[in-house]
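Numbering (my numbering), first residue to last: 9 to 723.
For glycine and all other residues, C-beta sits at the position ideal for the given N, C-alpha and C.
In this text, all values refer to a predicted model and were calculated from it rather than measured experimentally.
Remarks on the structure that follows.
If you want it as structure tokens, here you go:
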């Protein structure tokens, strides 16, 4: 009876080479993709396994003694048996990279056929190692009349090794062949319901725990492999539904639309698999490479988003990776769409407990207090919790936000003697179960004491975050404990009866950030008119307006002083509105642009009568608010810089080294004019549309902030 003909396809690493004087060849560098391909396309599970370094040796073997790696792979409805023959090549600069020649048969259980063909080629003096000068053609695989599968009986000492945890390392010097190693791995795979994987004559492997059996090439290699086992996380084998989980991960990250059955596999497995094993699964798909090499393909963005869902401790790393890409932002959209797809699955399961959603809650609990010590995560955290279709956003508003508010109310009411809360079996974890939140609330208790406690600006990132999330009360609370006062816009959102200088929020007196006129009015209210007649206070107020605002153009303003609002806290994307419409009313027909005379503000009396648009009270206050926001944003990004450092950089960028910024804020007319002129000049240089004022929706705001950051970096 004739033996069946087996078709063995192949392809090789693609490199450029040059011939050497001894008849060999030397590498000139990798070209990407593959060469000498006999089938197109290369099967997806094979390419995925190579990409995930499942055939990679850390140190290749010599050309005379190649390393051989065998593995079954599956995915997208395909099964393949693959053998890689790995050799090390000479290259300039003493580098010795590895190149591979891959042989593959369709279906599982066919590794022995590939090995039989390789052995027949070796006996014929044609060992099929990597050969850049050999030419292979598409559609012309190697054909081999396969013999009957050999029956291999393992020696007792090898049988005994199979009781060990994977990977089994065959002692160096133990007589062994590729067929014997394949037989050992086949038996091990059968016992554990796994795919066959083995490595023969290897010095070191990139992922040694990804193999069932390894045969080292030397005593040194054996020692290195044992060290690698000790230094890498234990890969528990067998893992229930391992390949179903791997297949689900591959499916979820490979396409825009999520299949519910794949989400269900993750949901039902999440508490049955240790985080370290989940990490192995995600690394197997390329997560570690994406993080290290900055790979932002749609597949990698989905993979790392899923990883952050399943392993909450990786959420900070995910957010940092997301913001490292720079100006390109399409990866945010990819992640949001993926979150929305996963979220749709749980929307259909409304009312049922979910392990994934529990992990999502844990992630939100973890990331919010983390920004205190890591303010550089503020912007990506704001994105995470505000993305309209984001799964973490839903968790925040449905669970975490009410939890924080309840806890702040409890602490303000009970202080150090919080009542015991009885939990039900299905209740969600409380933020007080988290060590970071426990520490935070313990530190905040001092602000409810009878004696005053100084503000601490380390809490400013929380104030900025909650302001951006439209959580007015929590934003006000954290502005108060970080700055000692609350921005006007936030204060105006608080519930209050009539006009009051301060209101209680979570039992803490919240003070509004005020100007001089409001300060006098506050003083009147606080002393109750006992010692100061009301008429005198009104006279003082009138004098204040005449001295501070008359010459500044208050009478030219059609709006009431104090109506301006600020956007101190929202880390939102800048408006796409054209700059001439964002920068003010000067672009409208009929509006005449006022220019600032080029006179010395310290010497010219005319300066005190200057009436530019930037001197209008509301616009000047908007300028001050915007500069204050720039200072805070820069300090959050560069916490090592003091406020004075940032203001010094501001003076340098604007070209007014003698500017007294505090004086300008406190209605020193000369300093106000100096600041307005400097801004007018700066805008003229940058945009050719000088206005003399700033708001945080302008191009001026962004340009000034970037110039200040650059100036601090140069220092």
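Starting from residue 456, trace the alpha helix (DSSP H) in both directions and tell me its first and last residue. It is not in any alpha helix (DSSP H) - residue 456 carries neither H nor E in the DSSP assignment.
With a threshold of 9 Å between beta-carbons, can residue 293 be considered close to chain B, or not? Looking for chain B here will not work: only one protein chain is present.
Per-residue DSSP class, three states only, for residue 210: strand
Where residue 476 falls: helix, strand or coil (DSSP): helix
To the nearest angstrom, how far is it from the Cα of residue 76 to the Cα of residue 57? 15 Å
With a threshold of 16 other CB atoms inside 10 Å of the CB of residue 473, please say whether the residue is buried or exposed. buried
Residue 645 - partner residues in DSSP beta bridges: In the DSSP output, where bridge partners are listed per residue, residue 645 has none listed.
Identify the residues that DSSP records as bridge partners of residue 625: which are they? DSSP output for residue 625 lists no bridge partner at all.
Enumerate in chain order the residues of its own chain whose CB-to-CB distance from residue 259 is below 7 Å, with the five nearest sequence positions on each side excluded. 267 and 270
Please report how far the alpha carbon of residue 12 lies from the alpha carbon of residue 154, in whole angstroms. 6 Å
Residue environment, residue 425, which counts as buried when at least 16 other CB atoms sit within 10 Å: Reliability of the predicted coordinates at residue 425 is poor, the pLDDT of 47 falling under 50, and no value is obtained from them.
Name the DSSP beta bridge partners of residue 76, please? 93 and 208
In chain order, which alpha helix (DSSP H) runs of at least 4 residues are fully inside the segment 138-188? 164-169
Beta-carbon proximity check, residue 91 vs residue 110, cutoff 9 Å: yes
Determine the extent of the alpha helix (DSSP H) in which residue 339 is found, giving its start and end residues. 338-355
Does the beta-carbon of residue 208 have 16 or more other beta-carbons within 10 angstroms, so that it is buried, or is it exposed? buried
Cβ neighbours of residue 21 in the same chain (closer than 6 Å, five flanking residues each side left out): 107 and 108
Where does residue 15 sit, in a helix, a strand or coil, going by DSSP? strand
Backbone CA spacing between residue 420 and residue 382 [nearest angstrom]: 27 Å
Buried or exposed by the 16-neighbour rule on C-beta atoms within 10 Å, applied to residue 688: buried
With a cut-off of 8 Å on the beta carbons, I'd call residue 97 and residue 35 a contact; round off their distance for me. 5 Å
On the three-state DSSP scale, how would you describe residue 82? strand
N- and C-terminal bounds of the alpha helix (DSSP H) containing residue 251: 250-262
Counting C-beta neighbours from all protein chains within 10 Å, is the total for residue 192 16 or more, i.e. buried, or is it exposed? buried
Tell me whether residue 21 sits in a helix, a strand or coil according to DSSP, three-state version. strand
Taking the alpha carbon of residue 680 as the reference point, which residue from 642, 717, 627 and 710 has its own alpha carbon closest? 627
Could you check the C-alpha separation between residue 677 and residue 685 for me, to the nearest Å? 12 Å
Am I right that residue 738 and residue 42 are in contact with their C-beta atoms under 8 Å? What's the rounded C-beta distance? Residue 738 lies beyond the range of the chain shown here (9 to 723); nothing can be said about it.
How about the segment 281-292 and the segment 372-382: do they share at least three Cβ pairs that are nearer than 8 Å? no
Taking the C-alpha atoms as reference points, what is the distance between residue 560 and residue 674? Note that residue 560 scores a pLDDT of 39, beneath 50, so its modelled location is shaky; the value from the coordinates is reported in the next line. Distance between the alpha carbons of residue 560 and residue 674 is about 13 Å.
Return the CA-CA distance between residue 453 and residue 442, expressed in angstroms with no decimal places. 17 Å
Per DSSP, what kind of secondary structure is residue 111 in: helix, strand or coil? strand
Leaving out five residues before and five after residue 147 in sequence, what residues of the same chain have Cβ atoms less than 8 Å from its Cβ? 46 and 47
Looking at the unbroken beta strand (DSSP E) that takes in residue 224, where does it start and where does it end? 221-224
What's the call for residue 396, buried or exposed, on a 16-neighbour Cβ count within 10 Å? exposed
Distance between beta carbons of residue 253 and residue 273, contact taken as under 8 Å: 6 Å
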